[in-house]
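Residue numbers (the numbering used here), protein chains in the order written: chain A, 1 to 384; chain B, 385 to 768. Heads up, the beta-carbon is just placed ideally off N, CA and C, and yes, glycines get one too. Because the structure is a prediction, the values reported are computed rather than measured. Input: a single structure, listed below in structure tokens.
Protein chains: 2
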Amino acid sequence: MVEKKFVVTPWEVKGEVDYDRLIRDFGTQPITGPLAKKLEEILGDAAYLVRRRIFFSHRDLDLVLNDYWKGKGLFLYTGRGPSGPMHIGHIIQFYFTKWLQDKFHTNVYIQITDDEKFLEEKRNLTYEDTQRWAADNILEIAAVGFDPDRTFILQDTEFIGHAYPMVLKIARRVNFSTVKAVFGFTGETNIGFAFYPSIQILPSLLEKRRCLIPSAIDQDPYWRIQRDIAEPMGYYKAAAVHSKFLPALTGLQDKMSSSKQETTINLSDDDKTVRIKVYRYAFSGGQATKEEHRKKGGDPDVDVPFQWLYMFFEPDDKRIEQIRAEYKSGRMLTGDLKDILIEKVTTFLNQHRQRREKASNLVHLYKRDGALAREMWTRDFTKS
Amino acid sequence: MVEKKFVVTPWEVKGEVDYDRLIRDFGTQPITGPLAKKLEEILGDAAYLVRRRIFFSHRDLDLVLNDYWKGKGLFLYTGRGPSGPMHIGHIIQFYFTKWLQDKFHTNVYIQITDDEKFLEEKRNLTYEDTQRWAADNILEIAAVGFDPDRTFILQDTEFIGHAYPMVLKIARRVNFSTVKAVFGFTGETNIGFAFYPSIQILPSLLEKRRCLIPSAIDQDPYWRIQRDIAEPMGYYKAAAVHSKFLPALTGLQDKMSSSKQETTINLSDDDKTVRIKVYRYAFSGGQATKEEHRKKGGDPDVDVPFQWLYMFFEPDDKRIEQIRAEYKSGRMLTGDLKDILIEKVTTFLNQHRQRREKASNLVHLYKRDGALAREMWTRDFTKS
């Protein structure tokens, strides 16, 4: 590949993302035509995700929808690497997954990859760090509102002992050349990290139905390996639906990161902080002066407040197109647009935090005591 | 290396073993001089193992003995890969370890590497096979008579969940280049097998004292890695004492193997089978005819019955030298020598099997309920 202007791997996202190019590079399929229509039907009030191409790419989504219509069912699998606090970009992916659970009425497996984050040397996290962030992140996820009887949060360091026979069966089918080719591992890669893909593949094989993985496309390499080994093991190849990254506050070319506070909104940011960050840092597609803006209008395509509304905070199609038109025409000023976003974000965060307050009572259901969690902890993996 | 007439790796032993060459190739130390004397003193009635150079090589045994004399203590670690029934060559190593436990009054950790045997593809074992052999082999080991409060049998697939944080800390310090160099792993090596050395290293770091590993020298590569990472992790480098392989019945150049019944005695062989095997297959250093033997005498150096007596079944130095002299002179015939061995082997096997009958009551002590096992299962490995 020449002129690599952006980089997307499971551990790195850099530069402005060209989503059509990602589809070519990763060899996935765009969500268009009759398939898009079918998915829209199922998603109902969340169909805007398809119409606006937030869900932009897939693997085997057509087969998943066939199984769904035939009553064979499916299950969802997603995850989180607990390396620090979750920001707004992270949590949005979980809301997407919750909506899919509601619409498809399915089980969801959420893997907390605390082992991966410990093994990833450049992060320099102690084991204790990963445990603290795992507990914190699980609370955020519990606040999203997944069905407690159909959702299993599996924290790797807790679950691996129970599911180890299955992990071994996966590991025996994947060799070092494969992980080297897929992830670019080298001799310097530690043997824990080299082994880890077997653990990330595990949840995709927890049911003998199709597994649909809603994730950013950067996780796709894992599923390519899964798709090579699933059928010989008697399971289905994982299907995936890829969603776009919420862009950084500072502009589409930046990466949202908790370690760069100007790029993101934390789930703990209060109303005032949200206001300050959006006013101060959110990259605007507006003109330099009010007069110039009124005359020339703003550019919603590069305007981060508009993009955030478009991707998540304004699901109403009429309203978002109205905002786009007003802004483009210059009738709506940058400040007005930012005010709309601030109102949406603060409302969202306040609601999320209210649910988080009560979420500590839910965690045991997701991890141990809900119907699906109980089923997983009582399954005999030596027989699988 | 040129002219490789024999091969010794953790998974392969082929050809007649040149023990002095092994010491050079593996870079270990011979057990000689004052060190040998000191070890003999401690071993008492088992000192013949040193005098006869059955324990022929070591790493850091001098440091271990210093710690022992100073009262700092030490602990022992050995293991078994449960890939099939144990034969007489396997069990003898465990008797050696039991004697060391008795003489040093120490804890012993015995790792059952069922995961390794499942991951070793060429063996083609199902997961269920490894579990069946693990249960069988643990019974044999329990029959050896280790102290139930100072011995912990850890079966990997059972223990890894509990000790996973510690396994991760080991794995983070070992990279693929290292396991490639040490074990000759390649791109074809599956990622479970590439990861497995972290699990084999675990027991050597279960106490903050020196770990002495009595084993065949073929396991040495694991401890070379351990010795690179132990001190930075706050533990001691593993020490080792290497013992010779019991030669195959069919001759010193063969490998004892359960899959070649003529090469070995099974722990389940009855008296008649032992007699038949020794008569039929045991390689003799005697002459072709009785007359020739009386005239020229036998060669105890290549005679397998003599070697078995020398290595394990006749600890009395006077008696073994008497046998050697009689045989060499031709006064003792091959049949007489074989009869001596048959008597010793059948007595040993009958006693071992009697203990095995009662050993099923001991297994829970070694695995879960003995003092050391309880300590291990209640240890918080997240804090280690």
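Partner residues on chain A for Gln338 (chain B), Cβ-Cβ distance less than 8 Å: Because chain B here runs from 385 to 768, residue 338 (chain B) falls outside it and cannot be looked at.
Any chain B beta carbon closer than 9 Å to Lys180 (chain A): The residue given as residue 180 (chain A) occupies position 180 in the first sequence. Interface residue, yes.
Own chain residues within Cβ distance below 6 Å of Leu205 (chain A), not counting five before or after: By one-based count along the first sequence, residue 205 (chain A) stands at place 205. Hits under 6 Å: Tyr235.
Ser360 (chain A) beta carbon less than 9 Å from that of Ala134 (chain A): The residue given as residue 134 (chain A) occupies position 134 in the first sequence. The residue given as residue 360 (chain A) occupies position 360 in the first sequence. Cβ atoms of Ala134 (chain A) and Ser360 (chain A): not closer than 9 Å.
Proximal residues of chain A, C-beta to C-beta of Arg608 (chain B) below 8 Å: As a first step, residue 608 (chain B) is located in the second sequence; it is residue number 224 there, counting from the start. Those within 8 Å of Arg608 (chain B) in chain A number zero; the least Cβ separation is about 15 Å.
Segments of 4+ residues assigned as alpha helix (DSSP H) that fall wholly inside the region 127–169 of chain A: 127–142
Ile276 (chain A) burial status per 10 Å Cβ neighbour count (16 or more: buried): The count along the first sequence starts at 1 and reaches residue 276 (chain A) at position 276. Ile276 (chain A) should be labelled exposed.
Residues sharing a beta bridge with Thr57 (chain A), DSSP: Locating residue 57 (chain A) in the first sequence gives position 57, where the first residue counts as 1. It should be noted that the sequence gives Ser, not Thr, for residue 57 (chain A). The partner list for Ser57 (chain A) (beta bridge, DSSP) reads A:Pro30, A:His242.
Sub-9 Å separation of Gly330 (chain A) and Lys296 (chain A) beta-carbons: In the first sequence, residue 330 (chain A) corresponds to position 330, counting from 1. In the first sequence, residue 296 (chain A) corresponds to position 296, counting from 1. A contact, by the Cβ cut-off of 9 Å.
Distance between Phe348 (chain A) and Val278 (chain A) (C-alpha atoms, nearest Å): Numbered from 1 along the first sequence, position 278 holds the residue referred to as residue 278 (chain A). Numbered from 1 along the first sequence, position 348 holds the residue referred to as residue 348 (chain A). Near 15 Å, if we compare the C-alpha coordinates of Phe348 (chain A) and Val278 (chain A).
Proximal residues of chain B, C-beta to C-beta of Phe118 (chain A) below 9 Å: The count along the first sequence starts at 1 and reaches residue 118 (chain A) at position 118. Pro549, Leu552, Lys553, Arg556, listed in chain order.
Residues, ordered as in the chain, of the region 464–484 of chain B that lie near chain A by beta-carbon distance below 8 Å: For the region 464–484 of chain B, which is checked against every Cβ of chain A, not one residue is closer than 8 Å.
Contact set for Lys328 (chain A): own chain, Cβ-Cβ below 8 Å, skip 5 residues either direction: Here residue 328 (chain A) is taken as the residue at index 328 of the first sequence, counted from 1. The answer, listed in chain order, is Gly297, Gly298, Asp299, Pro300.
CB contact flag (Thr562 (chain B), Asp612 (chain B), <9 Å): Your numbering for residue 562 (chain B) matches position 178 in the second sequence. Your numbering for residue 612 (chain B) matches position 228 in the second sequence. A contact, by the Cβ cut-off of 9 Å.
Endpoints, the beta strand (DSSP E) within which Asn491 (chain B) is located: The sequence position of residue 491 (chain B) within the second sequence is 107, counting from 1. Looking at the DSSP string, the run of the beta strand (DSSP E) that includes Asn491 (chain B) is 491–496.
C-beta neighbour in chain A for Asn574 (chain B), strict 9 Å: Against the second sequence, residue 574 (chain B) aligns to sequence position 190. Answer yes: the Cβ-Cβ gap between Asn574 (chain B) and chain A drops below 9 Å somewhere.
Min CB distance Asp499 (chain B) to chain A below 9 Å: Stepping through the second sequence from its first residue, residue 499 (chain B) is reached at position 115. Yes, Asp499 (chain B) lies at the interface with chain A (some Cβ there is under 9 Å from its Cβ).
Three-state secondary structure (DSSP) of Pro587 (chain B): Your numbering for residue 587 (chain B) matches position 203 in the second sequence. In the three-state DSSP reduction, Pro587 (chain B) falls in the helix class (H, G or I).
is_contact[Asn175 (chain A), chain B] using C-beta, thresh 9 Å: Walking along the first sequence from the start, residue 175 (chain A) turns up at place 175. Yes, its Cβ sits closer than 9 Å to a Cβ of chain B.
Reduced DSSP secondary structure (H/G/I, E/B, other) of Ala230 (chain A): Taking the first sequence and counting its residues from 1, one reaches residue 230 (chain A) at position 230. Reduced to three states, the DSSP call for Ala230 (chain A) is coil.
Contacting positions in the region 533–548 of chain B - beta carbon closer than 7 Å to chain A: Thr541, Ile544, Gly545, His546, Tyr548
CB contact below 9 Å: Gly44 (chain A) versus chain B: Reading the first sequence from its first residue, position 44 is the one you call residue 44 (chain A). So no, Gly44 (chain A) is outside the interface.
Where the region 577–605 of chain B meets chain A: residues whose CB sits under 9 Å from a CB there: Phe577, Ala578, Phe579, Tyr580, Pro581, Ser582
Arg280 (chain A) burial status per 10 Å Cβ neighbour count (16 or more: buried): Working through the first sequence from its first residue, we reach residue 280 (chain A) at position 280. Arg280 (chain A) comes out exposed.
Sufficient close CB pairs (3 or more, under 8 Å) joining the region 301–314 of chain A to the region 25–34 of chain A: Look at the beta carbons and you see the region 301–314 of chain A not touching the region 25–34 of chain A: under three pairs across the two are nearer than 8 Å.
Contiguous alpha helix (DSSP H) assignments of at least 4 residues, all confined to the region 295–365 of chain A: 304–308, 317–329, 334–359
Touch test, the region 691–698 of chain B against the region 670–679 of chain B, Cβ-Cβ under 8 Å, three pairs minimum: no
Under 9 Å between C-beta atoms of His352 (chain A) and Ile91 (chain A): By one-based count along the first sequence, residue 352 (chain A) stands at place 352. By one-based count along the first sequence, residue 91 (chain A) stands at place 91. Against a cut-off of 9 Å, the Cβ pair of Ile91 (chain A) and His352 (chain A) comes out as a contact.
Cβ-heavy atom distance, Glu646 (chain B) to the ligand COA, below 8 Å: You won't find the ligand COA in this model; it holds no ligand whatsoever.
Beta-carbon neighbours of Tyr511 (chain B), restricted to chain A and to distances below 8 Å: Here residue 511 (chain B) refers to the residue found at position 127 when the second sequence is read from its first residue. Within chain A, the residues near Tyr511 (chain B) are Pro165, Leu168, Lys169, Thr382.
Residue-chain proximity (Thr762 (chain B), chain A), Cβ-Cβ < 9 Å: Numbered from 1 along the second sequence, position 378 holds the residue referred to as residue 762 (chain B). Chain A contact via Cβ: absent.
N- and C-terminal bounds of the alpha helix (DSSP H) containing Arg664 (chain B): Translated into positions along the second sequence, residue 664 (chain B) becomes position 280. From DSSP, the alpha helix (DSSP H) with Arg664 (chain B) extends over 655–665.
Within-9 Å CB hit, Gly618 (chain B) to chain A: Within the second sequence, residue 618 (chain B) is the residue found at index 234, counting from 1. Answer no: the Cβ-Cβ gap between Gly618 (chain B) and chain A never drops below 9 Å.
Collapsed DSSP secondary structure at Arg593 (chain B) in the structure displayed: On the second sequence, residue 593 (chain B) is found 209 positions in, with the first residue counted as 1. Reduced to three states, the DSSP call for Arg593 (chain B) is coil.
CB contact below 9 Å: Gly386 (chain A) versus chain B: With chain A represented from 1 up to 384, any question about residue 386 (chain A) goes unanswered, as that position is not in the structure.
Chain-order list of residues whose beta-carbon lies under 8 Å from that of Glu3 (chain A) (same chain, five-residue window excluded): As a first step, residue 3 (chain A) is located in the first sequence; it is residue number 3 there, counting from the start. For Glu3 (chain A), the predicted structure reports a pLDDT of 44, less than 50, and the residue's modelled location is therefore unreliable. A value from the coordinates is still provided. For Glu3 (chain A), where only same-chain residues beyond five positions count, there are no Cβ hits under 8 Å.
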